[in-house]
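Engineer:
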Amino acid sequence: MTKLFEWLMAAACFLSVYFAIVLRQVKHELLDQYMLEIQLSPIFLLILFGLYAATVVLYRTFTFNNCEEAAKELMEQIKEAKADLRSKGLVLSD
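Structural data, given as structure tokens:
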């Protein structure tokens with residue numbers, strides 16, 4: 495099961511319960527008492543999801559490790575590729 499499918503299934507489950515409550519298919523006095531909060535819950539959840547996504551992106555950006563060995567290897571491969579292209583007659587500007 496892919497992550498997208500998991501999120502879509504969770505959204506479908508939430509929306510089916512949400513619409514059943516909002517459209518008054520489920521009747522309970524507690525639901526009537528908190529109808530405003532129930533109606534606004536998708537907005538709150540969307541805001542919370544945005545905060546979660548921003549937090550994850552920022553955390554992973556700040557904890558990203560530098561890979562000096564990989565950078566050196568990449569620069570060496572670039573030099574080799576440039577030398578190979580020059581040997582084949584391509585003029586490169588450095």
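Here our numbering runs 494 ahead of the position in the sequence shown, where the first position is 1. Glycine is no exception: its CB is placed at the ideal position from the N, C-alpha and C atoms.
#1: With Leu525 and Ile515 assumed to form a contact (beta carbons below 8 Å), what rounded beta-carbon distance in angstroms separates them?
#2: Between Leu586 and Lys576, which are expected to be in contact by the criterion C-beta below 8 Å, what is the C-beta distance as a whole number of angstroms?
#3: Starting from the Cα of Leu534, find the closest Cα among Gly544, Tyr512, Glu523 and give me that residue.
#4: Going straight from the alpha carbon of Leu542 to that of Phe508, what length do you get?
#5: For the alpha helix (DSSP H) containing Gln519, name the first residue and the last one.
#6: Alpha helix (DSSP H) containing Ser535: first to last residue?
#7: Where does Gly502 sit, in a helix, a strand or coil, going by DSSP?
#8: Taking Lys566 as part of the alpha helix (DSSP H), name the residues at either end of that continuous run.
#9: Between which residues of its own chain and Gln519 is the CB-CB distance below 7 Å, once the five residues before and five after are set aside?
Structural biologist: Walking through what the data contain:
#1: Yes, Leu525 and Ile515 are in contact; Cβ-Cβ is about 6 Å, under 8 Å.
#2: Correct: roughly 6 Å between the Cβ atoms.
#3: In terms of Cα proximity to Leu534, the closest of Gly544, Tyr512, Glu523 is Tyr512.
#4: Those two C-alpha atoms are separated by around 15 Å.
#5: Where Gln519 is concerned, there is no enclosing alpha helix (DSSP H), given that its DSSP letter is neither H nor E.
#6: Counting along the chain, the alpha helix (DSSP H) containing Ser535 begins and ends at 529-556.
#7: The residue asked about is misnamed: residue 502 is Leu in this sequence, not Gly. Reduced to three states, the DSSP call for Leu502 is helix.
#8: Segment 562-581, the alpha helix (DSSP H) holding Lys566.
#9: Result list for Gln519: empty, nothing under 7 Å.
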